[in-house]
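Novice: If you use our numbering, the sequence shown closes out at 285, no skipped numbers anywhere.
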Amino acid sequence: MRLAFAEEGPGPAVVLLHGFPLSRAMWKEQLTGIGSIYRVIAPDLRGHGDSPAPAGTYTIDEMADDVVELLDYLGLDEPVVVGGLSMGGYVALSMAERYPARLRGLMLMDTRAAADTPEAAQKREETAQDVLESRNVRALVESMIPRLFARKTIAQRPERVAMLSEAMEHNTPRGVAGALRAMAIRPDRSDDLARIRVPTIVMVGEEDAITPPSEAMALADAIAGARLEVIADAGHLAPYENPAVANAVILRFLDGLGRPVA
Ligand code: MLT
């Protein structure tokens with residue numbers, strides 16, 4: 024599937040994969056802040072933003088295949104850095120396991136390797152049905168806001184919350200349902216973590232209510248050499264809520280990788 028994407032900047036490529044039910048809009052500050060030094064590529068994953076939203080259940084592996092197809096389309100045969108937030112992290116882990124030669128670095132942000140519990144998967148299915156029946160994603164988006172953002176972001180940066188809510192509401196019920204079902208059936212990738220050989224950073228918002236710092240610590244511990252970075256004044260959307268600190272962390276990681284071998 025040909026994905027819509029935004030692209031900014033010169034130099035080695037960094038691919039950023041958004042969370043659910045977001046779009047490339049969440050990487051605005053990375054496109055400008057990091058895109059002055061690196062080639063930042065931010066696709067809309069299937070079912071989101073301006074990318075196609077076919078009917079039916081998606082899989083995280085399909086989403087990863089779409090990203091690899093985009094790399095091929097862009098002529099990026101050399102390994103790239105892949106960063107994924109939450110659902111984007113599930114996609115990044117699928118790429119790390121299934122396309123290790125395409126990666127030279129991995130950034131896992133506000134995400135986890137474990138699968139859904141049966142209860143969580145059941146809840147996602149109910150939400151998918153609600154969204155399809157109501158033909159509206161607004162109620163879902165509104166219910167997610169307090170869990171996506173830190174309290175401080177909601178209180179002090181309402182315009183940032185509104186901007187992303189609007190991007191989320193732009194998604195279609197079909198795309199949202201497809202992605203919910205993809206997450207519900209995703210495999211547990213915990214055992215894959217020991218096979219990750221590329222430099223890895225794990226980032227988490229200090230107030231992340233969905234994938235809390237304790238989970239991020241366990242994720243970093245399971246990946247050889249991975250460093251954990253806890254971002255202050257941020258919830259589940261650390262790079263969006265505190266872009267100054269998150270971008271500094273990302274740039275330090277990217278600079279530390281050096282230039283790719285041609
Ligand atoms: C996300 O931000 O992508 C979602 O919270 C992930 C999830 O629901 O598992």
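Here a beta-carbon is modelled for each residue, glycine too, at the ideal position from N, C-alpha and C.
1. Quickly, what does DSSP pair Arg-250 with across the bridge? List them, please.
2. Please report the distance separating the alpha-carbon of Ala-246 from that of Leu-126.
3. Assuming Glu-30 is part of the beta strand (DSSP E), what are its boundary residues?
4. Can you give me the Cβ contacts of Ala-249 inside the same chain, cut-off strictly under 6 Å, excluding the 5 residues immediately before and after it?
5. Determine whether the beta carbon atoms of Glu-31 and Leu-54 lie at a separation below 8 Å.
6. When you measure from the CB of Ile-254 to every non-hydrogen atom of the ligand MLT, does any distance come out below 7 Å?
7. Could you pull the DSSP bridge partners for Ala-65 from this structure?
8. Say yes only if the C-beta of Ile-233 is nearer than 7 Å to one or more non-hydrogen atoms of the ligand MLT, and no if none qualify.
9. Does the distance from the CB of Thr-305 to the CB of Gly-107 come in under 8 Å?
10. In the DSSP assignment, what residue or residues form a beta bridge with Val-1?
11. Is DSSP giving Gly-79 helix, strand or coil here?
12. With a 10 Å radius around its C-beta and 16 neighbouring C-beta atoms as the bar for buried, classify Ala-202 as buried or exposed.
13. Since Ser-46 and His-193 should fall inside the 8 Å C-beta cutoff, what is the C-beta to C-beta distance between them, to a whole number of angstroms?
14. As an exercise, report each continuous beta strand (DSSP E) stretch of at least 3 residues that is fully enclosed by the stretch 117-197, in chain order.
15. With respect to 7 Å, is the separation between the Cβ of His-259 and the closest non-hydrogen atom of the ligand MLT below this value?
16. Measuring alpha carbon to alpha carbon, tell me which of Tyr-96, Pro-196, Val-272, Leu-171 ends up nearest Gly-56.
17. When DSSP labels each residue in this structure, what does Phe-276 get in the three-state scheme?
18. Count Cβ pairs between the stretch 167-182 and the stretch 226-233 that sit closer than 8 Å; are there 3 or more?
19. Hey, would you say the C-beta of Met-191 is under 7 Å away from at least one heavy atom of the ligand MLT?
20. Distance check for Met-132 and Asn-265, CA to CA, integer angstroms please.
21. So the alpha helix (DSSP H) Glu-264 belongs to, where does it begin and stop?
22. Let me know if Ser-237 comes out buried or exposed under the rule of 16 or more other beta-carbons within 10 Å of its beta-carbon.
23. Out of His-41, Pro-102, Gly-34, which has the shortest C-alpha to C-alpha gap to Leu-26?
24. Can you tell me where the alpha helix (DSSP H) with Ser-237 in it begins and where it stops?
25. Report the three-state DSSP secondary structure of Met-24 (helix, strand or coil).
26. Quick check on Asp-95: buried or exposed, where buried means 16 or more other Cβ atoms within 10 Å of its Cβ?
27. Arg-204 and Glu-165 look like a contact to me (Cβ under 8 Å); what is the Cβ gap, rounded to whole Å?
28. Mark Asp-19 as exposed unless 16 or more other C-beta atoms lie within 10 angstroms of its C-beta, in which case mark it buried.
Specialist: Looking at the atomic coordinates:
1. Here residue 250 corresponds to residue number 227 of the sequence shown, with the count starting at 1. Ile-224, per the DSSP bridge assignment.
2. By one-based count along the sequence shown, residue 246 stands at place 223. By one-based count along the sequence shown, residue 126 stands at place 103. The displayed chain sequence assigns Ile, not Ala, to residue 246. Approximately 15 Å, taken between the alpha carbons.
3. As a first step, residue 30 must be located in the sequence shown, where it is residue number 7. Per DSSP, Glu-30 is one residue of the beta strand (DSSP E) stretching across 28-31.
4. Here residue 249 refers to the residue found at position 226 of the sequence shown. Cβ neighbours of Ala-249 beyond the five flanking positions: Thr-223, Val-225, Ala-243.
5. As a first step, residue 31 must be located in the sequence shown, where it is residue number 8. As a first step, residue 54 must be located in the sequence shown, where it is residue number 31. One thing to note: Glu-31 has its Cβ within 8 Å of the Cβ of Leu-54.
6. Position 231 of the sequence shown, counted from the start, is the residue given in the question as residue 254. Checking every heavy atom of the ligand MLT against the Cβ of Ile-254, none is found closer than 7 Å.
7. By one-based count along the sequence shown, residue 65 stands at place 42. For Ala-65, which the question treats as bridged, DSSP gives the partners Ala-29.
8. Position 210 of the sequence shown, counted from the first residue, corresponds to residue 233. Answer for Ile-233: yes, Cβ within range of the ligand MLT.
9. Only positions 24 to 285 of the chain appear in this structure, which leaves residue 305 out of reach.
10. Absent from the model: residue 1. The displayed extent of the chain is 24 to 285, so no value can be given.
11. The residue given as residue 79 occupies position 56 in the sequence shown. If DSSP states are grouped into helix, strand and coil, Gly-79 belongs with coil.
12. Stepping through the sequence shown from its first residue, residue 202 is reached at position 179. Buried, by the Cβ-count rule.
13. Here residue 46 refers to the residue found at position 23 of the sequence shown. Here residue 193 refers to the residue found at position 170 of the sequence shown. So it is a contact: roughly 7 Å between Cβ atoms.
14. As far as the stretch 117-197 is concerned, its whole beta strand (DSSP E) runs of at least 3 residues are 126-132.
15. On the sequence shown, residue 259 is found 236 positions in, with the first residue counted as 1. Correct: His-259 has its Cβ closer than 7 Å to the ligand MLT.
16. Your numbering for residue 56 matches position 33 in the sequence shown. Across the set Tyr-96, Pro-196, Val-272, Leu-171, the C-alpha of Val-272 shows the shortest separation from the C-alpha of Gly-56.
17. By 1-based counting over the sequence shown, the position of residue 276 is 253. In this structure, Phe-276 counts as helix in the three-state DSSP scheme.
18. Contact check between the stretch 167-182 and the stretch 226-233: three or more CB pairs, one atom from each, fall below 8 Å, which counts as touching.
19. As a first step, residue 191 is located in the sequence shown; it is residue number 168 there, counting from the start. Result no, Cβ not under 7 Å from the ligand MLT.
20. By one-based count along the sequence shown, residue 265 stands at place 242. By one-based count along the sequence shown, residue 132 stands at place 109. Distance between the alpha carbons of Asn-265 and Met-132 is about 13 Å.
21. The residue given as residue 264 occupies position 241 in the sequence shown. Residues 261-264.
22. Residue 237 sits at position 214 when you count from the first residue of the sequence shown. Exposed: under 16 other Cβ atoms inside 10 Å.
23. Here residue 26 refers to the residue found at position 3 of the sequence shown. Comparing Cα-Cα distances from Leu-26 to each of His-41, Pro-102, Gly-34, the minimum goes to His-41.
24. The residue given as residue 237 occupies position 214 in the sequence shown. Looking at the DSSP string, the run of the alpha helix (DSSP H) that includes Ser-237 is 236-244.
25. As a first step, residue 24 must be located in the sequence shown, where it is residue number 1. If DSSP states are grouped into helix, strand and coil, Met-24 belongs with coil.
26. Numbered from its first residue, the sequence shown carries residue 95 at position 72. Residue burial annotation: Asp-95 is exposed, with fewer than 16 other C-beta atoms found within 10 angstroms of its C-beta.
27. Locating residue 204 in the sequence shown gives position 181, where the first residue counts as 1. Locating residue 165 in the sequence shown gives position 142, where the first residue counts as 1. Actually they are not in contact, since the Cβ atoms of Arg-204 and Glu-165 sit about 21 Å apart, beyond 8 Å.
28. Only positions 24 to 285 of the chain appear in the structure, and residue 19 is not among them; the question remains open.
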